[in-house]
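Novice:
Protein chains: 2
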Amino acid sequence: MPPNHTVPSQFLARFEYICRLTTRTRPTRCFYQRTAQPNLLRRGLHSQAGPKHKSNVHWATLASRSAVLVGLAAGSLQLFHETPVDRNQQKTVDTKVKTFRLAEVRQHDGSSQNPWVIRGTSVYDITDWVAAHPGGDVILTAAGGSIEPFWDIFTIHKRPDVYEILEEYKIGTVDEADLEDGRVPQGAIVDPFQNDPARDPQLITHTACPRNAETPQSALKDFITPNELFYVRNHFWVPDVKGEDHEITIEMVDGTERKYTVKELKERFPQHKITTTLQCAGNRRRSMTDAAGATKGLQWKVGAISTAEWEGVRLVDVLADAGLSPKDLPEDAQHVQFSAMEAYGASIPIRKAIDPWGDVLLAFSMNGAELPRDHGYPVRVVVPGTVAARSVKWLSQITISPDESPTQWQQRDYKSFCPSDVKNPPWERARSIQEMPVTSAITHVETPRGPEGERQTISAEGYAYSGGGARDHPVDGGQTWHEAELLDNQAQAKGSRAWCWKRWRYQGPTPAECSGSPEGKTRLVVKATDEAYNTQPQTHESIFNARGNLATAWDQAEVPT
Amino acid sequence: MPPNHTVPSQFLARFEYICRLTTRTRPTRCFYQRTAQPNLLRRGLHSQAGPKHKSNVHWATLASRSAVLVGLAAGSLQLFHETPVDRNQQKTVDTKVKTFRLAEVRQHDGSSQNPWVIRGTSVYDITDWVAAHPGGDVILTAAGGSIEPFWDIFTIHKRPDVYEILEEYKIGTVDEADLEDGRVPQGAIVDPFQNDPARDPQLITHTACPRNAETPQSALKDFITPNELFYVRNHFWVPDVKGEDHEITIEMVDGTERKYTVKELKERFPQHKITTTLQCAGNRRRSMTDAAGATKGLQWKVGAISTAEWEGVRLVDVLADAGLSPKDLPEDAQHVQFSAMEAYGASIPIRKAIDPWGDVLLAFSMNGAELPRDHGYPVRVVVPGTVAARSVKWLSQITISPDESPTQWQQRDYKSFCPSDVKNPPWERARSIQEMPVTSAITHVETPRGPEGERQTISAEGYAYSGGGARDHPVDGGQTWHEAELLDNQAQAKGSRAWCWKRWRYQGPTPAECSGSPEGKTRLVVKATDEAYNTQPQTHESIFNARGNLATAWDQAEVPT
């Protein structure tokens, strides 16, 4: 395809083209749209934040970068391959000469017209790369300083092909006057977590940066979890946001956009309250590891689950205002993607988003208080019944799309597999976790001593939860099953779906083999059954997956003797 | 409460009263409404067909029957108790004198103003009872002949309190000239099944009257089950219906009614096609019985499940036309009750009925052919994803109600319980089965012999099904799990929910302990995981219930050696 100063007519005949950058294993879909001028294309990118228009590209520029036209099937979208040849050619320019002081680099921060980053002691001008960056604008968070602390979080970057892309943009090195032992000093590197909020020390911390901490046993006794003890699952730092002026963008499948400030959302749409449990896909992962072998991920015990009353506006109302009519859905409107300010993103099926009983909220408050920063201030999504990973915090964009969110949290991390798929799980074929399966847990068990010091009764409590709706009869016992008492039956308004856990309580006699026999170990086992009569698997072995997701086997606890 | 010729003012102050007939353990709710005349009440009955107005009752008549006013709590509904004293008093009239020829009894059939029935050799005029009959008008089917063949089906009648009620209406005995050996001869008794259709002999019959038969293994291999091999689950005889003139009544919570003929339904509403699997709650009951002990009910193997393409009109469209707006649902509109012509009835939650993706149909055709009589001709309900017991055949009435259907099939038969609740299950507390839990079954397994007569490979097939939506990876194996190949991935239109089973196929090497060892028995085990990652329970023991419902444990088959 020779360079050409006018966009070829067959290009103009179609509206949209898809570009697959061949040098990356996770393809990013660029697209080009016609403009009013025949020699200009508008370049956009399907990032995790959905399609974004970035810049106008002269056809000649595109052609000179060796864009290879690979097909012109009538009526279909057009595939480009940008060959790496391009970049190798561009790399030859004088990149080894210039040096920059750190003070100068810092001026090229995220607000600059020409953002720069440092890797090692090299300096890169990423201005031209930002639009093509698969992760979107988040790359600007690193601008003005070192990119390495961010790559410690976004570890997907630590590979040769990514290093190679970055090398294209090298403009020089850090001045030796600013190096210590040949390195950029620690203090000169921005800590992205420096503005994270203070947390309650009662939370059981798994990782500090990003903050991941579970609800302590004492708070699992309550139906509503206090905000400060609600479990925290952060993938990154906590964004520092401007509150009511914060804007979210809603983009339709046809690329049209509508922006709303938080203030506007609060004022223009009716407020709704939904009480729902949120649960991490990894809750109880530790018990799967203990029972069935090593799993990758935070080793949550039973506290990666909490319940709150959320207040906000219904997503379905806002989407309708933005132009998405549930009655007349475009064929392509299959998924609703949510993007967070820090970088996180996930999606839910359109059906859940606009289900009149789906109760998906854009929430501003939690248990009557302003949304805490750790839980998404100023606005987050709350998707009842669905894995909490889809309840995106610090919401910045909503994109209606034919596809699921392209992020790793949708495409990889929150999936489960056949127990035999340990080494090479079928990432693409496996479904992303959405509605949560039925589970239950024992949070407390005791055998109080009687007047003679004997143990006569077992007293236990815990919770049961299912994403599919109200659930009932968790039953516990050993060889025989007993029905536990369910608390929280009045928690839901009549007619509305039950999105919450139900705490249970069991009191019964100590089994004969337990009392009087100091060696006799008795185990209390709990399993729950949900509204569709689904019940929990008996063992973790039968649902083992190397990610340790959905560790929903019968829970067990040793009865003290 | 003394007899009174004017309805007491406190009665007129309320609109509706509830009457509980104290002599019956299954309460029937009669209600009384005011009329324009101060001394008349309008009597109605909440039957399985919903509230029906039956007759005007003079207050004095009601009072003279010793209706006992038991409370007048302000604002609440009013409870009456009709004491059995009444009936004992009425029983004294001359009932032993008159004799009737069978020819005369036959004239008092269901179309007569004064329907009679025979029990033993006694004759009863049930004219006054029909309105109060808890089962509704179906009692008229027996009129003009013996009621006993019907009580053999509706066995709930075989108890002293029911006999006692019938005795109130005795008017005489059958003339001895018509008796043989002191009994009414067999030929004189109507066989309600005499008009049942002919069936394909390949169906595996469990009971002939009513007809209950499962799909043979040969037909379980196909995605679509041929109409003549679709499993049949009838609770009664097959009604003989007049086709397009057949009328269904839709009753709103406020008692208003709208009637539609089948012809009108077909002409006035858009036609839709839905392919869905229907499954009996008792499918695989036999395996629960074998594994965990005796269960009550038809001992289905794996064939009480079939799949068809149904065509009809959407329930939600028809309800909207009848006045039920999904946007403005009355608070009391909680359930949609369906009544069949023969007597059967069941209900679904309103949410399922009007869910835009619920796909509930009033179906007229099955796999492109007119609905066969065994499957509900001329119109049946099809409730995808829900236990087939709610897909009521031979539909006659739809009732919007605050309550579930009062029939035994909603209140008792289709429920499951804690394994320990064998003797006295908590009928009222247990939920009626609606959405189906995930299940799977092995329908065929073989180990074909190689050239040396050795068995080298296992070849197996079966199905997986879940009511909650698309399902994936049934995995099978022994100590290790292997993922089976799922067929039928293209079966659903894009965007629509997956209401169908997925057939699976597995081919793998024969395990070492199987080949070469004539004694070594190897079992193939299958379990499926659904869209919400719910999976099947490992054993039937853990989900055992005396009804044998939802026998969804891992399926097993011995591998031939």
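Sequence lines, in order, name chains A and Z.
Quick note on our numbering: the first sequence kicks off at 72 and runs consecutively.
Quick note on our numbering: the second sequence kicks off at 72 and runs consecutively.
We treat Cβ as the ideally placed atom computed from N, Cα and C, and that holds for glycine.
1) At what residue ranges does the stretch 211-288 of chain A contain a whole run of the beta strand (DSSP E), taking only runs of 3 or more?
2) Using alpha carbons as the reference points, say which of A/T518, A/E402 and A/N616 lies closest to A/T632.
3) If the criterion is Cβ atoms closer than 8 Å, does the pair Z/K330 and Z/T320 meet it?
4) Any idea if A/Q481 is buried or exposed, counting beta-carbon neighbours within 10 angstroms, 16 or more meaning buried?
5) According to DSSP, A/R304 sits in a beta bridge with which residue or residues?
6) Could you pull the start and end residues of the beta strand (DSSP E) that Z/C196 belongs to?
7) Just to confirm the assignment, what range does the alpha helix (DSSP H) spanning Z/M359 have?
8) With respect to the beta strand (DSSP E) encompassing A/R451, which residues constitute its N-terminal and C-terminal limits?
9) Taking only beta-carbon atoms, is A/W552 less than 8 Å away from chain Z?
10) Measuring only between beta-carbons, confirm whether A/R502 sits less than 8 Å from chain Z.
11) Output, in chain order, the set of chain A residues within a Cβ distance shorter than 7 Å of Z/Q468.
12) Taking the CB atoms as reference points, tell me whether A/T360 and A/G619 lie closer together than 8 Å.
13) With DSSP run on the structure shown, which of helix, strand or coil describes A/E413?
14) Would you mind reading off the limits of the beta strand (DSSP E) that contains A/E315?
15) My output table needs one value for Z/L148: the three-state DSSP class, helix, strand or coil.
16) Mind checking whether Z/V324 and Z/A404 have CB atoms under 8 Å apart?
17) So A/V245 and A/P220 are supposed to be a Cβ contact under 8 Å. How far apart are they, rounded?
18) Which runs of the beta strand (DSSP E), 3 residues or longer, sit entirely within the stretch 500-559 of chain Z?
19) Can you give me, in chain order, the residues of the stretch 475-496 of chain Z that have a beta carbon less than 7 Å from any beta carbon in chain A?
20) Let me make sure I understand the geometry here. Which of Z/D180, Z/W187 and Z/F435 has the alpha-carbon closest to that of Z/G314?
21) Can you pull the chain Z residues whose beta carbon is under 8 Å from the beta carbon of A/G364, in chain order?
22) Quick check on the burial criterion: 16 or more other C-beta atoms within 10 angstroms. Buried or exposed for Z/S377?
23) Is A/A622 near the ligand ADP, judged by its Cβ being under 7 Å from some heavy atom?
24) Would you mind giving the Cβ-Cβ distance between Z/I425 and Z/V387, rounded to the nearest angstrom? I have them listed as a contact below 8 Å.
25) Using the beta-carbon count (16 or more within 10 Å), is Z/N266 buried or exposed?
26) Might you give, ordered along the chain, the residues of its own chain that have their beta carbon closer than 6 Å to the beta carbon of A/V463, omitting 5 neighbours on each side?
27) Give the secondary structure of A/A131 by DSSP, where H, G and I count as helix, E and B as strand, and everything else as coil.
28) Quick one: list the residues of chain Z neighbouring A/Y448, beta-carbon separation under 8 Å, in chain order.
29) What does the Cβ neighbour count give for A/T593, buried or exposed, with the cut at 16 atoms within 10 Å?
30) Is the CB of Z/A599 under 8 Å away from at least one CB in chain A?
31) Would you mind giving the Cβ-Cβ distance between A/V431 and A/L336, rounded to the nearest angstrom? I have them listed as a contact below 8 Å.
32) Use the C-beta contact count for Z/A628: other C-beta atoms within 10 angstroms, 16 or more gives buried, fewer gives exposed.
33) Any idea if Z/Y448 is buried or exposed, counting beta-carbon neighbours within 10 angstroms, 16 or more meaning buried?
34) What residue does the beta strand (DSSP E) around A/K573 start on, and which one ends it?
35) Under the rule that 16 or more other beta-carbon atoms within 10 Å means buried, what is A/S487, buried or exposed?
36) I want to verify the contact list: residues of chain Z whose CB lies under 7 Å from the CB of A/P422, in sequence order.
Specialist: Concretely, from the data shown:
1) 241-245, 275-278 and 283-285
2) A/T518
3) yes
4) buried
5) A/N283
6) For the record, residue 196 of chain Z in the displayed sequence is Asp; it is not Cys. Where Z/D196 is concerned, the enclosing beta strand (DSSP E) stretches over S193 to D196.
7) R356 to A363
8) R451 to V453
9) yes
10) yes
11) In chain order: nothing, as chain A lies at least about 23 Å away.
12) yes
13) coil
14) From DSSP, A/E315 is part of no beta strand (DSSP E); its letter is neither H nor E.
15) The predicted position of Z/L148 is uncertain, since its pLDDT is 25 and thus under 50; a value taken from the coordinates is nonetheless stated next. Here Z/L148 sits in coil by DSSP.
16) yes
17) 16 Å between Cβ atoms; not a contact.
18) 510-517, 528-536, 542-548 and 552-554
19) S487, C489, P490 and S491
20) Z/F435
21) Near A/G364 there are no residues of chain Z at all, since even the closest Cβ is about 13 Å away, more than 8 Å.
22) buried
23) Ligands in the displayed structure: none, and consequently the ligand ADP is not present.
24) 5 Å
25) exposed
26) F409, A411, A417 and V452
27) Confidence at A/A131 is low in this model, with a pLDDT of 43, below 50, so the placement of that residue should be treated as unreliable; the coordinate-derived value is given next. A/A131 falls in the helix class under three-state DSSP.
28) Correct list: empty, because the minimum Cβ distance to chain Z is about 30 Å.
29) buried
30) no
31) With a Cβ gap of about 14 Å, A/V431 and A/L336 do not count as contacting.
32) buried
33) buried
34) K573 to P580
35) buried
36) Inspection of the sequence shows that residue 422 of chain A is occupied by Arg rather than by Pro. Within 7 Å Cβ-Cβ: W428.
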